[in-house]
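Below you'll find the structure, written out as structure tokens, and then a few comments.
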Amino acid sequence: MKKIFFIFVILISYNRLNANHDFFNFLPYISPGIQIGYGKSFFVSYQLSAGLLQKDSPVITGATIGKRFYRKNNSWDSYNYYDLQFSLFSLVGIGFGKLYNSDYSFNKYKLWTGLFGLLSYDYLKLNISKEALKPNSNMKYNPNTGKLYLSSLKHNFGIFGVFPVFDYHLLF
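Throughout the sequence shown, residue numbering follows the numbering used here, covering -6 to 165 in sequence.
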């Protein structure tokens, strides 16, 4: 989380510098977002992205931090996430990051398409450390088979609402 905070501070600092000088070729943006979706269960996410629009390039870069809640019986499982993302003309994009809580950590790979309303897919791959394989770890095992209970978060489909905020008049 400290790394992502550091990236955000650098992006925002660079954004302020860029906004005050016309000769820079980048425009900063911040974009809040909300997502609802379904994998093996219903989930809701909120996030904040920050990044740079390059005036003469179709590629947009950004960093995202967020929180996701999966419905589990009568409760919610909570996960934090962060990722780096790249999009083409803001119409299609790809991101790589991590989704985690105190029990599990996943590598997160996401794809999306759309402009302000995005259709998204993310794939979560469970990270298993040597520490997690110890008998007294927080990882949960099936007592009958001895196999690790994998969280059922692998494939997730969702709909995002985002609102990118930047100085639109500097774009042209």
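No residue lacks a Cβ here, since even glycine has one placed at the ideal position from N, Cα and C.
Note that the coordinates shown come from a computational prediction; the quantities given were computed from them, not determined experimentally.
So, at 7 Å on beta carbons, what are the nonlocal neighbours of residue i in its own chain, with the 5 sequence-adjacent residues on each side left out?
i      : result
Phe159 : Leu20, Pro21, Tyr22, Leu46
Ser24  : Ser42, Val155, Phe156, Pro157, Val158
Ser80  : Ile53, Gly86
Gly55  : Ser42, Ala43, Gly44, Gln78
Tyr116 : Tyr102, Lys147, His148
Following the continuous beta strand (DSSP E) through residue i, name the residue where it begins and the one where it ends.
i      : result
Phe36  : 35 to 47
Tyr22  : 19 to 31
Tyr97  : Careful: Tyr97 lies outside any beta strand (DSSP E) and carries neither H nor E.
Lys118 : 110 to 119
Lys65  : 52 to 65
Val155 : 148 to 155
Ser68  : 68 to 81
Keeping to the same chain, check which residues put their C-beta closer than 6 Å to that of residue i; ignore five residues upstream and five downstream.
i      : result
Val85  : Thr106
Ser38  : Gln28, Gly59, Arg61
Val114 : The sequence shown places Tyr at residue 114, not Val. Correct list, in chain order: Leu104, Phe150.
Gln40  : Gly26, Thr57, Gly59
Lys48  : Asn18
Expressed to the nearest angstrom, what Euclidean distance is found between the alpha-carbon atoms of residue i and residue j?
i     : j      : result
Asn73 : Ser50  : 31 Å
Lys60 : Asn120 : 19 Å
Asn67 : Asn18  : 50 Å
Gly26 : Ser71  : 17 Å
Tell me, to the nearest whole angstrom, how far the beta carbon of residue i is from that of residue j; I am working on the premise that it is less than 8 Å.
i     : j      : result
Phe36 : Arg64  : 7 Å
Phe99 : Leu92  : 5 Å
Ile87 : Leu104 : 6 Å
Gly30 : Phe109 : With 8 Å as the limit, Gly30 and Phe109 do not qualify as a contact, their Cβ atoms being about 17 Å apart.
Gly32 : Lys118 : Not confirmed; about 13 Å, so no contact.
With a CB to CB cut of under 8 Å and the five nearest residues on each side skipped, what residues in its chain are close to residue i?
i      : result
Ile152 : Gln28, Ile29, Gly30, Gly110, Leu111, Leu112, Ser113
Ser34  : Tyr63, Arg64, Lys65, Ser145
Trp69  : Phe62, Tyr63
Asp76  : Ala56, Thr57, Gly88, Phe89, Gly90, Lys91, Lys101, Lys103
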